[in-house]
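K.L.:
Just so you know, we're using my numbering here: the sequence shown kicks off at -5 and counts up by one. Sharing a structure, written as structure tokens. Questions coming.
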Amino acid sequence: MRNLLLSVCLLIGIASYAQEIHQMSHDEAMEEFQKMIAQSEVNTGGLQELRYYIETSDVNLNDYIYIGKLLQIAPQYTQSLLETARQISFSPRESNLYHDLIELPLLDLARAHTSEISALMKEALRSRNHESDEVIQKKIDALVGQCHYKEIENFIAEQATASKD
């Protein structure tokens, strides 16, 4: 029951987070991360690794916090999520593309699109302007259409159901 409650709270938090992506300050990110660590019951090792990226980055801090939330919901995706964090750490600029790229491995239940996801991440890292971001976003949207889950909320709901069993 406690896991279900945690999943529902995280689902609500992630849904509202997804609607209003904004650039976090370093202090905001550290405060949010400290709250996450204090409340975490699972995957504290993954969260500790994620701390490095938050401490050493000045951009995409909201994406690292989002990864932390997903690490708590889906610890079986720790390797994929932390690799995504590592890739994002190479980005010199803030980009909304990373939010969708973070979700892609979770939406791709059968892991049928791993190479496409990797290629899109590399393309996003090379992107330097809004026009290029729009082209990449269309590719991401097309790939989401081929995934098992079409929205992260569906994945999270299934994770909550699985944790009840």
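The C-beta atom is built at its ideal place from N, Cα and C for all residues, glycine as well.
Can the beta-carbon of S85 be found less than 8 Å from the beta-carbon of N123?
P.N.:
It is not a contact, given that the beta carbons lie outside the stated cut-off.
K.L.:
Are I111 and L98 touching if we call contact CB-CB under 8 Å?
P.N.:
Result yes, Cβ atoms of I111 and L98 sit closer than 8 Å.
K.L.:
What is the C-beta distance between K133 and L114, in whole angstroms, given that I count them as a contact (C-beta under 8 Å)?
P.N.:
That pair is a contact at about 6 Å.
K.L.:
Using the rule of at least 16 other Cβ atoms within 10 Å of the residue's Cβ for burial, across every protein chain shown, is S89 buried or exposed?
P.N.:
Burial call: buried.
K.L.:
Any idea what DSSP makes of V56, helix, strand or coil?
P.N.:
Inspection of the sequence shows that residue 56 is occupied by Asn rather than by Val. Helix, per DSSP.
K.L.:
Can you name, in chain order, every residue of its own chain whose Cβ lies under 6 Å from the Cβ of T78, other than the five neighbours on each side?
P.N.:
Taken in chain order, the residues that qualify are I96.
K.L.:
What first and last residue would you give for the alpha helix (DSSP H) that runs through D21?
P.N.:
Here the alpha helix (DSSP H) through D21 covers 20 to 33.
K.L.:
Over the uninterrupted alpha helix (DSSP H) stretch that includes Y47, give me the two end residues.
P.N.:
Segment 38 to 50, the alpha helix (DSSP H) holding Y47.
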